[in-house]
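The block underneath contains the structure these notes are about, expressed in structure tokens.
Protein chains in written order, with our numbering: chain A, 461 to 680; chain B, 461 to 680.
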């Protein structure tokens with residue numbers, strides 16, 4: 461609509477940086493800072509002012525060079541761009557150790573995210589409440605997700621069932637999956653998947669560290 | 461050294477998939493499965509058998525087509541490739557809510573990772589033990605990290621101090637950083653950074669979901 465440039469030329473990195481800016485604008489607001497220069501905000505985040513302005517330019521121009529940004533206004537604008545300006549209900553499937561920890565994660569509310577539905581198959585869990593969220597049997601997942609118009613889900617099931625769960629979610633209208641199961645989820649191109657896998661990240665770092673030590677050992 | 465092909469042509473994705481294979485091989489072992497066909501292992505993970513063989517081929521050939529893989533042997537070989545065949549000590553800096561949760565995360569030991577050192581600046585925390593790990597003042601970080609030859613660190617500090625902490629870690633010989641602080645860390649090219657940011661992933665998913673709904677709304 462309005463004054464958007466190159467609507468399709470921003471990368472996923474742009475969106476991640478917007479999320480970073482947002483997080484830090486919220487922190488500034490908590491510290492009662494009303495106005496911030498792009499230089500100050502970006503230096504602190506290790507992003508160049510040019511990158512910052514470019515990221516914002518995809519969604520229209522905000523603020524003026526040299527004048528600084530109104531923290532509250534820019535916060536609202538970025539919230540609006542990302543679609544996190546109002547509370548967003550998400551679902552979680554798989555209430556094991558990790559799923560339980562996520563149910564209890566206080567950080568979500570800070571980001572206007574509310575876990576509204578939780579699913580599992582374990583009869584000791586189904587029907588009970590955990591951290592204020594009722595756990596339903598997974599056989600009701602499609603109905604509940606559809607009825608509540610939930611678009612984002614967390615998958616924290618064992619890997620063996622994760623693909624089946626993802627397919628159920630997709631057929632219920634889910635458009636984004638945050639995947640904690642250690643498999644590569646196959647979804648249609650209209651659905652996005654983000655993988656969170658700390659062990660995987662750590663093992664990659666260990667591999668790279670080992671490799672670099674080896675290479676530096678043969679350096680002349 | 462040995463029979464490695466195209467030593468430099470594998471991507472970070474190869475390493476992440478090796479970590480995935482490893483995780484699932486360990487699960488198979490727990491289930492007392494001794495031999496697995498590449499087809500079975502890969503179907504389950506949604507990776508093609510060709511991809512699987514290609515990923516392994518960078519590090520020498522393992523197993524034979526049609527014969528299947530010895531689960532224990534392949535586990536050890538991948539552990540060896542990744543450098544997680546023996547326990548690896550890592551450090552963590554910033555023992556707030558997230559840092560404390562990470563200190564208590566049981567999953568690390570499963571991956572041969574041990575948090576050996578923890579650092580903070582808060583005088584209520586320094587000198588105490590948490591989950592069996594002593595918290596030292598950050599001013600001793602360089603000495604302790606160097607002395608213990610730690611190469612991997614987790615940064616879970618507030619964003620304002622994360623860059624400074626990262627620089628301290630790099631000068632102590634750290635080669636890989638798992639960064640939970642919401643900033644872009646600047647490190648030399650000889651150091652790797654992986655960012656874990658659930659809020660950022662979720663906000664990206666929300667943005668993409670919103671955008672897709674909008675686009676599908678104007679579809680003719």
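Where is the CB? At the ideal position from N, CA and C, for every residue including glycine.
Could you tell me the alpha carbon to alpha carbon distance between residue i and residue j, rounded to whole angstroms?
i	j	result
residue 482 (chain B)	residue 541 (chain B)	11 Å
residue 549 (chain A)	residue 536 (chain A)	19 Å
residue 552 (chain B)	residue 603 (chain A)	43 Å
residue 555 (chain B)	residue 495 (chain B)	43 Å
residue 531 (chain B)	residue 515 (chain B)	17 Å
residue 595 (chain A)	residue 609 (chain B)	46 Å
residue 583 (chain A)	residue 598 (chain A)	11 Å
residue 574 (chain A)	residue 606 (chain B)	43 Å
residue 472 (chain B)	residue 613 (chain A)	26 Å
residue 665 (chain A)	residue 487 (chain B)	22 Å
residue 493 (chain A)	residue 485 (chain A)	9 Å
residue 466 (chain A)	residue 611 (chain A)	Confidence at residue 466 (chain A) is low in this model, with a pLDDT of 47, below 50, so the placement of that residue should be treated as unreliable; the coordinate-derived value is given next. Straight-line Cα distance between these residues: approximately 26 Å.
residue 626 (chain B)	residue 477 (chain A)	19 Å
residue 636 (chain B)	residue 655 (chain B)	11 Å
residue 562 (chain B)	residue 563 (chain A)	16 Å
residue 517 (chain B)	residue 510 (chain B)	10 Å
residue 505 (chain B)	residue 645 (chain A)	8 Å
residue 539 (chain A)	residue 475 (chain A)	11 Å
residue 501 (chain A)	residue 479 (chain A)	13 Å
residue 647 (chain A)	residue 668 (chain A)	30 Å
residue 565 (chain B)	residue 671 (chain B)	36 Å
residue 489 (chain A)	residue 497 (chain A)	14 Å
residue 660 (chain B)	residue 533 (chain A)	20 Å
residue 653 (chain B)	residue 621 (chain B)	16 Å
residue 572 (chain B)	residue 663 (chain A)	10 Å
residue 519 (chain A)	residue 512 (chain A)	12 Å
residue 557 (chain B)	residue 634 (chain B)	24 Å
residue 638 (chain B)	residue 658 (chain B)	13 Å
residue 576 (chain B)	residue 593 (chain B)	7 Å
residue 674 (chain A)	residue 508 (chain B)	31 Å
residue 529 (chain B)	residue 640 (chain B)	37 Å
residue 591 (chain B)	residue 559 (chain B)	11 Å
residue 589 (chain A)	residue 503 (chain A)	45 Å
Using DSSP with H/G/I as helix, E/B as strand and the rest coil, what is residue i?
i	result
residue 679 (chain A)	With a pLDDT of only 38 at residue 679 (chain A), under the threshold of 50, the placement of this residue in the model should not be trusted, and no figure is reported.
residue 586 (chain B)	coil
residue 669 (chain B)	helix
residue 549 (chain A)	strand
residue 576 (chain B)	strand
residue 594 (chain A)	strand
residue 628 (chain A)	helix
residue 518 (chain A)	strand
residue 655 (chain A)	strand
residue 643 (chain B)	coil
residue 581 (chain B)	coil
residue 527 (chain A)	coil
residue 507 (chain B)	coil
residue 636 (chain B)	strand
Determine the burial state of residue i: buried for a count of at least 16 other Cβ atoms within 10 Å of its Cβ, exposed for fewer.
i	result
residue 527 (chain A)	exposed
residue 499 (chain B)	exposed
residue 650 (chain A)	exposed
residue 642 (chain B)	buried
residue 617 (chain B)	buried
residue 570 (chain B)	exposed
residue 619 (chain B)	buried
residue 567 (chain A)	exposed
residue 546 (chain B)	exposed
residue 580 (chain A)	buried
residue 623 (chain B)	buried
residue 469 (chain B)	exposed
residue 631 (chain B)	exposed
residue 600 (chain A)	exposed
residue 587 (chain B)	exposed
residue 543 (chain A)	buried
residue 628 (chain A)	buried
I need the boundaries of the alpha helix (DSSP H) containing residue i, first residue and last residue.
i	result
residue 604 (chain A)	601-607
residue 531 (chain A)	531-542
residue 475 (chain A)	472-490
residue 568 (chain A)	567-570
residue 559 (chain B)	557-563
Which residues bound the beta strand (DSSP E) around residue i?
i	result
residue 612 (chain A)	612-615
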